[in-house]
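Protein sequence lines correspond, in order, to chains A and B. So for the first sequence, the UniProt record's numbering puts the first residue at 1; every next one is plus one. So for the second sequence, the UniProt record's numbering puts the first residue at 1; every next one is plus one. For every residue, glycine included, the Cβ atom is placed at its ideal position computed from N, Cα and C.
2 protein chains.
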Amino acid sequence: MASIKDVAAEAGVSVATVSRALNGHPSVSEDARRRVSAAVERLGYRPNAVARSLRTDQTRTLGLVISDVMNPYFTELARSVEEEARALGYSVIIGNADERPDLQDHHVTTLLDRRIDGLLVSPTDGGSPGMLGAARAGTPMVFVDRWIPGVDVPVVRSDGRDAVRDLVAHLYALGHRRLAIIAGPAATTTGRERVDAFREALGAYGLDLPDAYIGQGDFQADSGRRVTEGFLDLAEPPEAVFAADNLMALGALDALRARGLRVPDDIALAAFDDIPWFVHTDPPVTAVAQPTRELGRAAVRALVDRIEGRPGESVTLPARLVVRRSCGEPVSPEPPQSPSPVRRSTP
Amino acid sequence: MASIKDVAAEAGVSVATVSRALNGHPSVSEDARRRVSAAVERLGYRPNAVARSLRTDQTRTLGLVISDVMNPYFTELARSVEEEARALGYSVIIGNADERPDLQDHHVTTLLDRRIDGLLVSPTDGGSPGMLGAARAGTPMVFVDRWIPGVDVPVVRSDGRDAVRDLVAHLYALGHRRLAIIAGPAATTTGRERVDAFREALGAYGLDLPDAYIGQGDFQADSGRRVTEGFLDLAEPPEAVFAADNLMALGALDALRARGLRVPDDIALAAFDDIPWFVHTDPPVTAVAQPTRELGRAAVRALVDRIEGRPGESVTLPARLVVRRSCGEPVSPEPPQSPSPVRRSTP
DNA sequence: ATCCTCCGTGTAATCGATTCCACGAGGAGG
DNA sequence: CCTCCTCGTGGAATCGATTACACGGAGGAT
Numbered sequence: 001m002a003s004i005k006d007v008a009a010e011a012g013v014s015v016a017t018v019s020r021a022l023n024g025h026p027s028v029s030e031d032a033r034r035r036v037s038a039a040v041e042r043l044g045y046r047p048n049a050v051a052r053s054l055r056t057d058q059t060r061t062l063g064l065v066i067s068d069v070m071n072p073y074f075t076e077l078a079r080s081v082e083e084e085a086r087a088l089g090y091s092v093i094i095g096n097a098d099e100r101p102d103l104q105d106h107h108v109t110t111l112l113d114r115r116i117d118g119l120l121v122s123p124t125d126g127g128s129p130g131m132l133g134a135a136r137a138g139t140p141m142v143f144v145d146r147w148i149p150g151v152d153v154p155v156v157r158s159d160g161r162d163a164v165r166d167l168v169a170h171l172y173a174l175g176h177r178r179l180a181i182i183a184g185p186a187a188t189t190t191g192r193e194r195v196d197a198f199r200e201a202l203g204a205y206g207l208d209l210p211d212a213y214i215g216q217g218d219f220q221a222d223s224g225r226r227v228t229e230g231f232l233d234l235a236e237p238p239e240a241v242f243a244a245d246n247l248m249a250l251g252a253l254d255a256l257r258a259r260g261l262r263v264p265d266d267i268a269l270a271a272f273d274d275i276p277w278f279v280h281t282d283p284p285v286t287a288v289a290q291p292t293r294e295l296g297r298a299a300v301r302a303l304v305d306r307i308e309g310r311p312g313e314s315v316t317l318p319a320r321l322v323v324r325r326s327c328g329e330p331v332s333p334e335p336p337q338s339p340s341p342v343r344r345s346t347p
Numbered sequence: 001m002a003s004i005k006d007v008a009a010e011a012g013v014s015v016a017t018v019s020r021a022l023n024g025h026p027s028v029s030e031d032a033r034r035r036v037s038a039a040v041e042r043l044g045y046r047p048n049a050v051a052r053s054l055r056t057d058q059t060r061t062l063g064l065v066i067s068d069v070m071n072p073y074f075t076e077l078a079r080s081v082e083e084e085a086r087a088l089g090y091s092v093i094i095g096n097a098d099e100r101p102d103l104q105d106h107h108v109t110t111l112l113d114r115r116i117d118g119l120l121v122s123p124t125d126g127g128s129p130g131m132l133g134a135a136r137a138g139t140p141m142v143f144v145d146r147w148i149p150g151v152d153v154p155v156v157r158s159d160g161r162d163a164v165r166d167l168v169a170h171l172y173a174l175g176h177r178r179l180a181i182i183a184g185p186a187a188t189t190t191g192r193e194r195v196d197a198f199r200e201a202l203g204a205y206g207l208d209l210p211d212a213y214i215g216q217g218d219f220q221a222d223s224g225r226r227v228t229e230g231f232l233d234l235a236e237p238p239e240a241v242f243a244a245d246n247l248m249a250l251g252a253l254d255a256l257r258a259r260g261l262r263v264p265d266d267i268a269l270a271a272f273d274d275i276p277w278f279v280h281t282d283p284p285v286t287a288v289a290q291p292t293r294e295l296g297r298a299a300v301r302a303l304v305d306r307i308e309g310r311p312g313e314s315v316t317l318p319a320r321l322v323v324r325r326s327c328g329e330p331v332s333p334e335p336p337q338s339p340s341p342v343r344r345s346t347p
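Now the structure itself:
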């Protein structure tokens with residue numbers, strides 16, 4: 001592979017001039033510029049990004065450590081992150097943690113060793129030593145989707161509280177009273193928040209959320225299956241099940257089908273995170289949709305701000321309820337705008 | 001960030017000794033080794049992978065340029081690639097080409113600039129200049145899923161011919177005679193092969209595949225929708241539609257639903273590439289399943305073989321038909337093993 | 001004519017690792 | 001006691017870029 005020296009020799013100038021010509025430095029004569037371009041062309045020269053990174057101490061690369069790539073929500077997030085990063089002149093290296101803290105740590109370490117310019121993380125747990133160390137050491141960092149309380153890092157996420165309230169209103173209107181939730185891991189913020197939002201919304205209707213109706217899942221399909229089976233074995237099974245992510249909803253659907261139960265006639269189902277396939281499941285699944293694309297873009301912008309010395313702010317975007325048929329036939333033809341009886345201030 | 005010099009100073013030895021100690025070189029005294037470890041520990045030192053790569057001319061990184069990450073098939077492929085690579089001590093940088101040749105080229109170039117050790121590609125088109133150049137220049141490279149004829153690079157893929165024959169047999173047994181296909185881009189091998197396999201299987205039943213029953217798609221949901229609408233507008237619409245990938249099947253499902261058609265009663269549907277969601281669509285979709293995980297692993301092994309100087313062989317794995325309800329009720333309780341009347345030699 | 005600026009260019013230091021080569025100490029063998 | 005190895009170690013070159021600094025020449029001001 002041709003190096004800058006070869007180009008210099010070919011163009012009959014010094015490496016310094018080649019470098020300057022290539023980087024658009026002003027003080028290079030038109031003549032030199034042309035000869036360099038010609039030499040580059042002839043040799044098929046491409047600058048070695050590794051050498052450049054070593055010298056400049058920047059890789060123009062972002063690390064993205066994601067909880068689970070197989071989850072369509074995160075796939076879409078990853079995609080929008082890459083898009084926005086590319087638009088800003090950065091590459092992205094994705095690490096898939098598979099909801100495993102040890103893998104998450106492995107990726108964080110590897111990315112840091114590669115001297116990425118900044119790190120985007122949706123933490124699997126309360127924070128591995130490697131990650132906390134990086135945050136403390138001042139590596140530009142932004143949490144996306146999930147975050148770790150007490151760590152001073154901008155957070156880009158979506159707030160599902162209103163949408164969950166809309167969902168409970170929707171379920172209530174359809175006559176459901178015994179509502180259960182398949183929760184995510186308590187170690188994650190999204191795991192806890194969604195349960196809290198659900199309980200709070202229930203409270204507004206005078207319903208409570210007994211422990212038996214809180215199933216502990218791990219954001220994977222299998223756990224959705226297992227928890228749902230537990231619900232069905234209860235003396236008084238729930239009338240509606242809310243899965244805290246789309247994969248667990250898939251598992252729940254599996255379990256219900258295995259028992260020969262019909263949705264929504266025998267039991268209602270809703271999910272957090274909307275995905276294209278929910279339109280085509282049997283029945284189409286009512287879900288809380290996050291503005292995934294915007295989340296990814298906002299996260300990248302916040303991170304690049306940090307990298308380039310600007311503040312880099314936290315962003316919270318609202319989620320919204322998408323009503324389909326899995327909780328019962330929609331009551332009215334128009335989508336419920338905000339049917340909750342307990343209004344929040346909405347200026 | 002602490003460098004090897006800091007470690008050397010802290011341990012009271014030279015940088016050469018630190019390097020040797022860290023890389024398990026034999027001729028380092030037990031004493032020096034201990035002092036280096038202690039210094040590393042105290043400083044929280046991590047070797048700079050960028051500097052190491054520059055010197056050793058290897059990054060221990062693989063590039064994966066994928067046609068479309070949002071396609072669950074490719075997501076799973078990417079995941080298994082990363083897993084196997086990690087097991088072999090490599091990292092993976094994924095580039096999403098989004099079925100766009102220009103983006104594919106962008107990623108290939110970027111990855112090459114970063115001096116990745118090897119490249120895994122599922123080409124979007126007939127081969128962009130950058131990619132062909134890399135192949136010619138001797139960059140270790142392996143094609144996965146799709147390939148480019150005439151380029152001397154190992155190919156890891158799955159052969160759907162038998163499975164497509166099984167599918168046609170299945171459709172025939174259910175009484176369908178007018179069979180159409182939503183094809184992938186003719187520029188891709190998988191796009192062409194699946195049509196060829198389909199036509200060949202049809203031939204075995206004395207059926208032919210008129211041009212009107214070959215819809216030109218691009219492996220994206222929208223094209224599946226569009227092509228399906230075209231089929232339905234025909235004077236004699238097909239009785240069964242075979243989508244050459246899962247996303248186009250999703251689009252087809254959309255279009256059918258929009259027209260108020262029932263699957264499989266009004267029209268049958270099948271897809272290439274099986275995904276978890278097909279179990280839960282309405283109706284569950286009959287599909288040709290590729291051994292995706294094995295494909296990813298085999299591809300990485302072939303590539304690493306090349307990188308490390310071993311031959312690196314092409315691999316072709318068989319796909320298999322998974323019958324569900326979207327083509328009609330399965331005729332027999334047992335899965336069709338190979339119901340095709342035209343037997344191939346199967347020793 | 002002299003001095004000062006500015007412009008274009010080249011030389012060389014630098015980034016953080018790996019690794020070739022040389023060197024001194026110590027042990028074995030003659 | 002001398003020579004020859006072996007072992008552990010350090011000095012310095014090297015990878016391919018960027019960039020501070022120096023320098024020569026041209027042109028303008030005095």
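Minimum C-alpha distance to residue i - residue among the options
i, options, result
"R34/A", "A249/A, V50/A, T17/A", "T17/A"
"E99/B", "F74/B, D211/B, L321/B, R297/B", "F74/B"
"R199/A", "P311/A, P291/A, L179/A", "L179/A"
"A319/B", "D305/B, A298/B, D282/B, D274/B", "D274/B"
"D159/B", "V322/B, T316/B, D265/B", "T316/B"
"residue 364/B", "I93/B, H106/B, A163/B, R79/B", "What the structure shows of chain B is the stretch from 1 to 347, and residue 364/B is not part of that stretch, so it cannot be assessed."
"V69/B", "P47/A, R20/A, A78/A, L103/A", "A78/A"
"D152/A", "R306/A, L321/A, V322/A, S326/A", "R306/A"
"A287/B", "D162/B, G296/B, P238/B", "D162/B"
"P264/B", "A299/B, G175/B, A302/B, P47/B", "G175/B"
"E82/A", "G328/A, G296/A, A302/A, V304/A", "G296/A"
"R177/B", "A197/B, D31/B, P210/B, L303/B", "P210/B"
"A268/A", "A38/A, A299/A, F242/A, D102/A", "F242/A"
Range covered by the beta strand (DSSP E) that runs through residue i
i, result
"N246/A", "Element bounds for N246/A: not the beta strand (DSSP E) but the alpha helix (DSSP H), 246-258."
"F143/B", "141-144"
"G118/B", "118-121"
"P318/B", "315-318"
Partner residues on chain A for residue i, Cβ-Cβ distance less than 8 Å
i, result
"T281/B", "W277, H280, T281, D282"
"V50/B", "V50, S53, L54, T59, R114, R115"
Proximity below 8 Å, CB of residue i to CB of residue j
i, j, result
"S223/B", "G230/B", "no"
"I182/A", "V108/A", "no"
"A244/A", "R194/A", "yes"
"A187/A", "D233/A", "no"
"L207/B", "A270/B", "no"
"H280/B", "L256/A", "no"
"A289/A", "M248/A", "no"
"R20/A", "A49/B", "no"
"P154/B", "G44/B", "no"
"D105/B", "G89/B", "no"
"L303/B", "L120/B", "yes"
Residue i: contacting residues in chain A (beta-carbon distance under 7 Å)
i, result
"S91/B", "T110"
"E82/B", "N96"
"T75/B", "V69, M70, T75"
Opening and closing residue of the alpha helix (DSSP H) in which residue i lies
i, result
"M109/B", "In the sequence as presented, Met is not what sits at residue 109/B; that position holds Thr. Residues 101-113."
"F74/B", "72-87"
"S37/B", "30-43"
Neighbouring residues, chain B, relative to residue i (Cβ below 9 Å)
i, result
"P47/A", "D113"
"R293/A", "Ordered by position in chain B, no residue passes the 9 Å Cβ test against R293/A, which lies about 12 Å from the chain."
"residue 394/A", "Residue 394/A lies beyond the stretch modelled for chain A, which goes from 1 to 347, so this question has no answer here."
Within chain B, the residues that residue i reaches when beta carbons sit closer than 8 Å
i, result
"N23/A", "Ordered by position in chain B, no residue passes the 8 Å Cβ test against N23/A, which lies about 14 Å from the chain."
Contacts of residue i in chain A (Cβ-Cβ under 9 Å)
i, result
"L253/B", "V279, H280"
"R79/B", "V69, M70, N96, D98"
Proximal residues of chain B, C-beta to C-beta of residue i below 7 Å
i, result
"L303/A", "Per Cβ cutoff of 7 Å: no residues; L303/A is ~18 Å from chain B at best."
Along the chain, which unbroken stretches of the beta strand (DSSP E) at least 3 residues long are found entirely within the region 162-195 of chain B? 179-183
3-residue-minimum beta strand (DSSP E) runs that sit fully inside the region 198-254 of chain B, ordered along the chain: Within the region 198-254 of chain B, the complete beta strand (DSSP E) runs of at least 3 residues are 214-216, 240-243.
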